[in-house]
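Colleague:
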Amino acid sequence: MQRMRSPVDSAIAANRFGLGARPGDLADIGRDPRAWLTAQLAGEPASVDYPGLRSTPQILTDALQIRREREAARRAVKMSEEAAATDSAGLLADVMKLGQLYRPLYVSEATARLQTAVGSDRPFIERLTYFWANHFAVSIDKALVLGIAGSFEREAIRTHVLGSFTDMLLAVERHPAMLLYLDNQQSIGPDSPLAQRAARRRVKAKLGINENLAREILELHTLGVNGGYAQADVTSFAQVISGWSIGGGTGRLASGPPGEFLFRAELHEPGTKSLLGRRYADEGYAQGEAVLRDLARSPATARHLATKLARHFIADEPPAAAVERLTRAFLASNGDLPTVYRALIDSPEAWAQPLSKFKTPTDYVVSSYRALALPVLEGKGALAGFEVLGQRTWSPGSPAGWPDTGADWNGASAVMKRVEWADAVGQRVGGMHDAAQLAPQLLGATLSEATRTAVAHAASAAQALTLLLAAPEFMRR
Amino acid sequence: MQKEDADMKPIGRREFIQGGALAGGVLAAGGALLTSRVAFAATGGDARLVVVILRGALDGLSAVPPYGDADYGRLRGELALAPPGSSDGALRLDGTFALHPSLPFLHDAYGAGELVVFHAVASPYRERSHFDGQDVLENGTVRPHALQSGWLNRALEALPEAARRERKELGVALGQNVPLVMRGQAQVASWSPSRLASLDEDTLQRITDLYAADPLLSQRLADALAADQIASGDGMDAKAMGGQAGGAGRYTELIRATAGFLRSDSGPRVAVFDTIGWDTHANEGGARGRLAAQLTALDTGIKTLRDELGPAWQKTAVIAVTEFGRTAAINGTRGTDHGTATAAFLVGGAVRGGRVVADWPGLSNRALYEQRDVAPTLDVRAIFKGALQEHLGVPVRALDAQVFPDSGGVKPVKDLFRA
Numbered sequence: 001m002q003r004m005r006s007p008v009d010s011a012i013a014a015n016r017f018g019l020g021a022r023p024g025d026l027a028d029i030g031r032d033p034r035a036w037l038t039a040q041l042a043g044e045p046a047s048v049d050y051p052g053l054r055s056t057p058q059i060l061t062d063a064l065q066i067r068r069e070r071e072a073a074r075r076a077v078k079m080s081e082e083a084a085a086t087d088s089a090g091l092l093a094d095v096m097k098l099g100q101l102y103r104p105l106y107v108s109e110a111t112a113r114l115q116t117a118v119g120s121d122r123p124f125i126e127r128l129t130y131f132w133a134n135h136f137a138v139s140i141d142k143a144l145v146l147g148i149a150g151s152f153e154r155e156a157i158r159t160h161v162l163g164s165f166t167d168m169l170l171a172v173e174r175h176p177a178m179l180l181y182l183d184n185q186q187s188i189g190p191d192s193p194l195a196q197r198a199a200r201r202r203v204k205a206k207l208g209i210n211e212n213l214a215r216e217i218l219e220l221h222t223l224g225v226n227g228g229y230a231q232a233d234v235t236s237f238a239q240v241i242s243g244w245s246i247g248g249g250t251g252r253l254a255s256g257p258p259g260e261f262l263f264r265a266e267l268h269e270p271g272t273k274s275l276l277g278r279r280y281a282d283e284g285y286a287q288g289e290a291v292l293r294d295l296a297r298s299p300a301t302a303r304h305l306a307t308k309l310a311r312h313f314i315a316d317e318p319p320a321a322a323v324e325r326l327t328r329a330f331l332a333s334n335g336d337l338p339t340v341y342r343a344l345i346d347s348p349e350a351w352a353q354p355l356s357k358f359k360t361p362t363d364y365v366v367s368s369y370r371a372l373a374l375p376v377l378e379g380k381g382a383l384a385g386f387e388v389l390g391q392r393t394w395s396p397g398s399p400a401g402w403p404d405t406g407a408d409w410n411g412a413s414a415v416m417k418r419v420e421w422a423d424a425v426g427q428r429v430g431g432m433h434d435a436a437q438l439a440p441q442l443l444g445a446t447l448s449e450a451t452r453t454a455v456a457h458a459a460s461a462a463q464a465l466t467l468l469l470a471a472p473e474f475m476r477r
Numbered sequence: 001m002q003k004e005d006a007d008m009k010p011i012g013r014r015e016f017i018q019g020g021a022l023a024g025g026v027l028a029a030g031g032a033l034l035t036s037r038v039a040f041a042a043t044g045g046d047a048r049l050v051v052v053i054l055r056g057a058l059d060g061l062s063a064v065p066p067y068g069d070a071d072y073g074r075l076r077g078e079l080a081l082a083p084p085g086s087s088d089g090a091l092r093l094d095g096t097f098a099l100h101p102s103l104p105f106l107h108d109a110y111g112a113g114e115l116v117v118f119h120a121v122a123s124p125y126r127e128r129s130h131f132d133g134q135d136v137l138e139n140g141t142v143r144p145h146a147l148q149s150g151w152l153n154r155a156l157e158a159l160p161e162a163a164r165r166e167r168k169e170l171g172v173a174l175g176q177n178v179p180l181v182m183r184g185q186a187q188v189a190s191w192s193p194s195r196l197a198s199l200d201e202d203t204l205q206r207i208t209d210l211y212a213a214d215p216l217l218s219q220r221l222a223d224a225l226a227a228d229q230i231a232s233g234d235g236m237d238a239k240a241m242g243g244q245a246g247g248a249g250r251y252t253e254l255i256r257a258t259a260g261f262l263r264s265d266s267g268p269r270v271a272v273f274d275t276i277g278w279d280t281h282a283n284e285g286g287a288r289g290r291l292a293a294q295l296t297a298l299d300t301g302i303k304t305l306r307d308e309l310g311p312a313w314q315k316t317a318v319i320a321v322t323e324f325g326r327t328a329a330i331n332g333t334r335g336t337d338h339g340t341a342t343a344a345f346l347v348g349g350a351v352r353g354g355r356v357v358a359d360w361p362g363l364s365n366r367a368l369y370e371q372r373d374v375a376p377t378l379d380v381r382a383i384f385k386g387a388l389q390e391h392l393g394v395p396v397r398a399l400d401a402q403v404f405p406d407s408g409g410v411k412p413v414k415d416l417f418r419a
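The listed protein sequences derive, respectively, from chains A and B. Residue numbering for the first sequence follows this note's numbering, beginning at 1 and increasing consecutively. Residue numbering for the second sequence follows this note's numbering, beginning at 1 and increasing consecutively.
Structure representation (C-alpha cells):
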C-alpha cells in the first residue's frame, strides 16, 4: 500500500509494533519502517536462551516424582485412601515441595522472557508472542501452572508465532499447561470405559465431564462469545475432548510419557457427536482434532482474532475497515499468521496519530528497560517492576487474559504508581543518562515540545530521566 | 500537595478538621469527632455503600446451602454440606437455608439482624461466559457491552445534591484501576497501596505541569493525590503497610483503606472492591477446601471492615454479588461448571436483616433452569435498586431510566434498611 511516509512512522514502528525503541533503533529503522517490520517476519522465531530452562515434560516428571514419593510413604504406613485424602499435613508437604520445584522455574522463565525482549532485534515478533500468550492465557494463580507457564509460552506459542493459527491452536490445547489450567485432564466421559468399569464396581465417586476447557476454547480461543455456539455445543465439545490428558499420573492412570500430551481412550466419551451443525464420527483423538481444525477455519474465529489484533495494534475501539481487512487476510490464507501480520502493517489505521494505545505495565516496564539498557538482574529483582505496577508476569487471573484497553490500565492509582516507578528509575540510573539527548532517540517525531522542554529544564539528571519516562508520549504507544 | 489543596476550599477544610483530631494525639478522639461530624452532616448523605464483586461465579448452593431442599444432597453428593448442628455442619439461617461453615461472621451478623441473604438471584444475563456475565452485572443493562459505564457510577450522578456537597469524589475503587461498575462520567478515586517512594514536591509539580495538556493524565494524577491524602489523612500510612499474602487476611490492607475512605468526613461514600478466585470447576471442596478458603477470606474481610469502620458501620451497607451461579449438580471433577442463579449478601449496620429473601424455585430436575442450574427468581438489579433508593436516596425515576436503563419492570426490593 503506497502512502506518504510520515516522520512519526519510525517511532510508531518501534513503539507501537515493537516493545519500545533502544537508542539507535530509530536510525536503524531508517526510511522504511514497514520494511523493517516485514523483514522481522522472515525465518524462525528466536528461541529463548537462558540458563536453567527446562521442557514441560522434564518439569512435570519431577512434579510427578513428588506425588509418587508421597503415595509410597502413605502405603508404607498403610494409610487408607480416605485417610490420605484428608491427610492435610501430607498434602501440605506436597504443595510445599511442588512450590520449591516451581518457584525458581517461574523466576527463571519470567526473567528469561524479559531478557529476550530487552535484547531483541525483532521486537515485533516479541510483541506478537506476548499477544498470543495473552490470547491463550494461562495464569499462575493456579498452583499447578506456576512452573510451566514459561515453558508453555516457549513450546506452544513462540514456536508457532510465525506459523499457522491451526498449528498454534492444536499445540496450545494439547499442552499440559492448558489442560491443567482448565481442568481437562480430569474430565471423564460418563459412558467412557473407565466410568463404566467404575459403575460395575459400584465406585461411589462421580465420574464425569468438566466443561471448562471446551467452553473457553469456543468463547476465548476461537469463535468468540458471540460466535454462534450454544450450551449444547459446549457440552458436546467437552465430550469430544474428554480423554485429552497428560501422560504420567499415578495408580490406574500411570501410563504414557510423563508430562506429555496423552489421549486416554479409557476416559473418552464414545460415540458420534454433533457440534455447531456438524457431525463428528468418533475416531478417538482425531475427533477433537477435527473439531479444532474446523474451529480454526471458521469466519467467526477469523473475525474474533482480527478484532483482538486490531484492538492491540490500532485502537481500543478497533476501526471496522481494519478488522475487515485482517479478517479477509486470515480467511484467504487459511490462518497463515504472517499474512495477517502483513495486512496489519499495511493498514493505514495502524500508523495514525495521536498515539492511541495506553501502554500496559508490561509494555511500560519492557520499553523502559530497552530505552535505558537496564541490566536484567538474576532472580526476582528483574520482575519487581511488573509486580509493583500491577501486571505480574503470567498472572492475568482469568483465562480471558489481561484486558487490552486504556480504561483497564489508566486508573488514578495505576498512573501514580507508574510515575513513582519512573522516579525510582530516574533516581537510580539518571546519572548515567543524558535524558535530553535520549528523548528524540526513543520517541522520534512523537516527542512533544512540552516534554522536550521539561526534560531540558530539569533540575537534575535523575529528574530529567523521571520526566522522560513519565511523559505522556512514553506512557502510550 | 499542600499548595494545591490551599486552592480548594473543601479539602482544605477537611485537612483542618483532621489535623485537629490528630493534634489531639489520640486516634480515638478522631473517631469521636467523626461521629459528631456525621451527625452534623445528617442530611448530607452519610450513608455508605460498599459493593464487593465476587469474580468467577460464586457457587450459591455451597455458600448458602438449601439444606431443607430434598434434592440438595442428591445433587451435591460428596460436596454436600452437613446440616446445621452436625460437626462441620452448615450454620442455620432458617428451616430451609444455612450458611457455609466458613462464614461465621456473616452468621453472627444474621443473628444481630444485620444480614439479608438473597437466593435464586441472577442478573438478566442468561449465557455462561464469565466475562460477558460480569459486563452485564456491572453495566446495569440486559446485554453485554451495551454501555461503557457502570450502574454504580451512574447512581453517583443521580445522588441528591445534599450527598454531593463538599465531596470531590463520591466513589472510590480499591485497586489500581477502576472496574466497569464504577466507570463513567462521575469522578471517582482509585487507590491501592504503594511500595514505592513518594515523589518530591518539585518533581511532582513538574510532572503536573507536563500533564497540563493531557486531560486524562492530569485528571488521573490529581485524583491519585486526593486519594492518597484521604487514605493517609485518616491515620493510615499507605507506604508503611506491608503486603498481605494469601490466607484469611489477604484483603486486610485494602479493607483498611476502604474503611479509611468511608470514615473520612468528606471522603467518598461508595466503594467498590474486587475479589477473584471463585471459579471452582475442580476440587471445590465442601466444609473445607478451595471454596471454603475463599469464603473465609470474604467473611474475615467483611468483619475487618466492620471493625475498622467503627461507628460508621451503623451507616454502612455492603453488597456482595457475583456474575452468575454454578451448576446444581457437581461435575466429573468434584467441582461445578458455569450456571445461572446464585446467592447474594447485603450486610451492614444500616441493614434491616436477619432474613432470607428468596422465592425458592426448588432443585428438582423440573425446577432447574435448563435442567442444570438454579432457576432465577430475583433480578439482582432489584437488590441494587433497593439499596440505591432506600439507602442512598437515588430517585426511582433515575434508577429506572439512567442507572438501569429501561428497567421500570424491575421493582426495588423494599424495606432492606432500618428506618
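Cβ atoms here follow ideal geometry from the backbone N, Cα and C, with glycine treated the same way. Keep in mind it's a predicted model, so treat the numbers as computed, not measured.
1) CA-CA distance, isoleucine 17/B and arginine 206/B?
2) Beta-carbon within less than 8 angstroms of alanine 271/B's beta-carbon, same chain only, minus the 5 sequence neighbours each way: which residues are those?
3) Quick one, which of Pro57/A, Met79/A, Thr111/A and Gln65/A has its alpha-carbon nearest valine 376/A's?
4) Name the residue from Val118/A, Thr405/A and Ile241/A whose alpha carbon lies nearest to the alpha carbon of leucine 267/A.
5) Could you check what DSSP says for histidine 135/A in three-state terms: helix, strand or coil?
6) Are any of the Cβ atoms in chain A nearer than 8 angstroms to that of methionine 236/B?
7) Between the alpha carbons of alanine 14/A and arginine 342/A, how many angstroms are there, rounded?
8) Write down every uninterrupted run of the alpha helix (DSSP H) in the region 159-230 of chain B whose length is 4 residues or greater and which is fully enclosed by it, in chain order.
9) Could you work out which residues of chain A lie near serine 194/B, taking near to mean beta carbons separated by less than 7 angstroms?
10) How is isoleucine 345/A classed by DSSP in three states: helix, strand or coil?
11) Taking 8 angstroms as the CB-CB limit, is glutamate 269/A close to chain B?
12) Exposed or buried, what is leucine 92/A when buried is set at 16 or more other beta-carbons lying within 10 Å of its beta-carbon?
13) What are the start and end residues of each continuous alpha helix (DSSP H) run of 4 or more residues lying completely inside the region 92-149 of chain A, in chain order?
14) DSSP has aspartate 273/A in a bridge; who is on the other side?
15) According to a CB-to-CB cut-off of less than 9 angstroms, which residues of the region 198-212 of chain B neighbour chain A?
16) Should histidine 135/A be labelled buried (16 or more other beta-carbon atoms within 10 Å of its own) or exposed?
17) Short of 9 angstroms Cβ to Cβ, which residues in the region 142-167 of chain B face chain A?
18) Taking Cβ-Cβ distances shorter than 7 angstroms, what residues in chain A pair up with tryptophan 191/B?
19) How about leucine 416/B and alanine 387/B: do their beta carbons lie closer than 8 angstroms?
20) When the cut-off is 8 angstroms and only beta carbons count, does arginine 183/B lie next to chain A?
21) Output, in chain order, the set of chain B residues within a Cβ distance shorter than 8 angstroms of alanine 470/A.
22) Expressed to the nearest angstrom, what Euclidean distance is found between the alpha-carbon atoms of glycine 31/B and alanine 312/B?
23) Would you grab the beta carbon distance between alanine 297/B and arginine 250/B for me? Rounded to a whole angstrom, and I think it's under 8 angstroms.
24) Just by C-beta distance, which residues in the region 87-109 of chain B are closer than 9 angstroms to chain A?
25) CB leucine 262/A to CB glycine 247/A, shorter than 8 angstroms?
26) Mind listing the chain A neighbours of serine 129/B? Cutoff is C-beta to C-beta under 7 angstroms, in chain order.
27) Cutting at 8 angstroms between CB atoms, please list the residues of its own chain near glycine 431/A, excluding the five before and the five after it.
28) Taking C-beta pairs closer than 8 angstroms, name the residues in chain A that leucine 81/B reaches, listed in chain order.
29) Per DSSP, tyrosine 369/B forms a beta bridge with which residues?
30) Could you give the distance in angstroms between the alpha-carbon of arginine 167/B and the alpha-carbon of alanine 398/B?
31) Check whether chain A comes within 8 angstroms of arginine 220/B, counting only Cβ atoms and requiring the distance to be less than that.
32) Counting C-beta neighbours from all protein chains within 10 Å, is the total for arginine 75/A 16 or more, i.e. buried, or is it exposed?
33) Got a sec: which bits of the region 347-381 of chain B sit with their beta carbon under 9 angstroms from any beta carbon on chain A, in order along the chain?
34) Could you check what DSSP says for alanine 21/B in three-state terms: helix, strand or coil?
35) Candidates Val366/A, Arg328/A and Ala322/A: which alpha carbon is nearest alanine 352/A's?
36) Of the residues that make up the region 296-330 of chain B, which ones have a beta carbon closer than 8 angstroms to any beta carbon in chain A?
Modeller: According to the structure data:
1) The sequence position of residue 17/B within the second sequence is 17, counting from 1. The sequence position of residue 206/B within the second sequence is 206, counting from 1. With a pLDDT of 27 at isoleucine 17/B, under the threshold of 50, the modelled position of this residue cannot be trusted; read the value that follows with caution. Roughly 29 angstroms between the two C-alpha positions.
2) If you number the second sequence from 1, residue 271/B lands on position 271. The residues are Arg48, Leu49, Val50, Val51, Gly171, Val172, Ala173, Leu174, Thr258, Phe261 and Leu262.
3) On the first sequence, residue 376/A is found 376 positions in, with the first residue counted as 1. Minimum Cα distance to valine 376/A is reached at Thr111/A.
4) Counting from one through the first sequence, the residue named residue 267/A turns up at place 267. The shortest C-alpha separation from leucine 267/A is found at Ile241/A.
5) By one-based count along the first sequence, residue 135/A stands at place 135. Three-state result, histidine 135/A: helix.
6) Sequence index remark: in the second sequence, residue 236/B carries index 236 (1-based). Note that methionine 236/B scores 46 on pLDDT, short of 50, meaning its location in the model is unreliable; the coordinates nonetheless yield the value given after this. Closer than 8 angstroms: no.
7) Residue 14/A sits at position 14 when you count from the first residue of the first sequence. Residue 342/A sits at position 342 when you count from the first residue of the first sequence. About 16 angstroms.
8) 161-164 and 201-210
9) Within the second sequence, numbered from 1, the residue matching residue 194/B stands at position 194. Correct list: Lys417 and Glu420.
10) For the purposes of this step, residue 345/A is identified with residue 345 of the first sequence, where counting begins at 1. Note: isoleucine 345/A maps to helix in three-state DSSP.
11) Within the first sequence, the letter at position 269 stands for residue 269/A. No, glutamate 269/A does not count as interfacial toward chain B.
12) Within the first sequence, the letter at position 92 stands for residue 92/A. Under this definition leucine 92/A is an exposed residue.
13) 123-135
14) Locating residue 273/A in the first sequence gives position 273, counting from the first residue. Reading the sequence as shown, one finds lysine at residue 273/A and not aspartate. BP columns for lysine 273/A point to Tyr280/A.
15) Ser198, Leu199, Asp200, Asp202, Thr203, Leu204, Arg206, Ile207, Asp209, Leu210, Tyr211 and Ala212
16) On the first sequence, residue 135/A is found 135 positions in, with the first residue counted as 1. The residue is buried, with at least 16 neighbouring Cβ atoms inside 10 Å.
17) Pro144 and Gln148
18) One-based indexing of the second sequence puts residue 191/B at position 191. Those are Ser413, listed as they occur along chain A.
19) Position 416 of the second sequence, counting from 1, holds the residue named residue 416/B. Position 387 of the second sequence, counting from 1, holds the residue named residue 387/B. Closer than 8 angstroms, so yes.
20) By one-based count along the second sequence, residue 183/B stands at place 183. Yes, because at least one Cβ of chain A sits closer than 8 angstroms to the Cβ of arginine 183/B.
21) Within the first sequence, the letter at position 470 stands for residue 470/A. Those are Ile207 and Leu210, listed as they occur along chain B.
22) Numbered from its first residue, the second sequence carries residue 31/B at position 31. Numbered from its first residue, the second sequence carries residue 312/B at position 312. In this predicted model, glycine 31/B has a pLDDT of only 29, less than 50, meaning its place in the structure is not dependable; the value taken from the coordinates is given anyway. Cα to Cα, the separation comes out at about 9 angstroms.
23) On the second sequence, position 297 is the one that residue 297/B refers to. On the second sequence, position 250 is the one that residue 250/B refers to. Going by Cβ atoms, the distance from alanine 297/B to arginine 250/B rounds to 5 angstroms, so yes, they are a contact pair.
24) none
25) Along the first sequence, one-based indexing puts residue 262/A at 262. Along the first sequence, one-based indexing puts residue 247/A at 247. Their beta carbons are under 8 angstroms apart, which means leucine 262/A touches glycine 247/A by this criterion.
26) What you label residue 129/B is simply residue 129 of the second sequence in a count that begins at 1. Those are Glu219 and Val225, listed as they occur along chain A.
27) In the first sequence, counting from the first residue as 1, residue 431/A sits at position 431. Here the set comprises Ala461 and Ala462.
28) Position 81 of the second sequence, counting from 1, holds the residue named residue 81/B. Within chain A, no residue comes near leucine 81/B; the closest Cβ sits about 16 angstroms away, beyond 8 angstroms.
29) Taking the second sequence and counting its residues from 1, one reaches residue 369/B at position 369. Its beta-bridge partners are Asp373/B.
30) Here residue 167/B refers to the residue found at position 167 of the second sequence. Here residue 398/B refers to the residue found at position 398 of the second sequence. Whole-angstrom Cα-Cα distance: 21 angstroms.
31) What you label residue 220/B is simply residue 220 of the second sequence in a count that begins at 1. Taking Cβ atoms only, chain A reaches closer than 8 angstroms to arginine 220/B, which makes this a yes.
32) As a first step, residue 75/A is located in the first sequence; it is residue number 75 there, counting from the start. Burial call: exposed.
33) Glu370 and Arg372
34) Residue mapping note: residue 21/B aligns to position 21 of the second sequence, counting from 1. At alanine 21/B, the pLDDT of 29 sits below 50, so the modelled position is not reliable and the matter cannot be decided from this model.
35) Taking the first residue of the first sequence as 1, we reach residue 352/A at position 352. With distances taken between Cα atoms, alanine 352/A lies closest to Ala322/A.
36) Ile330
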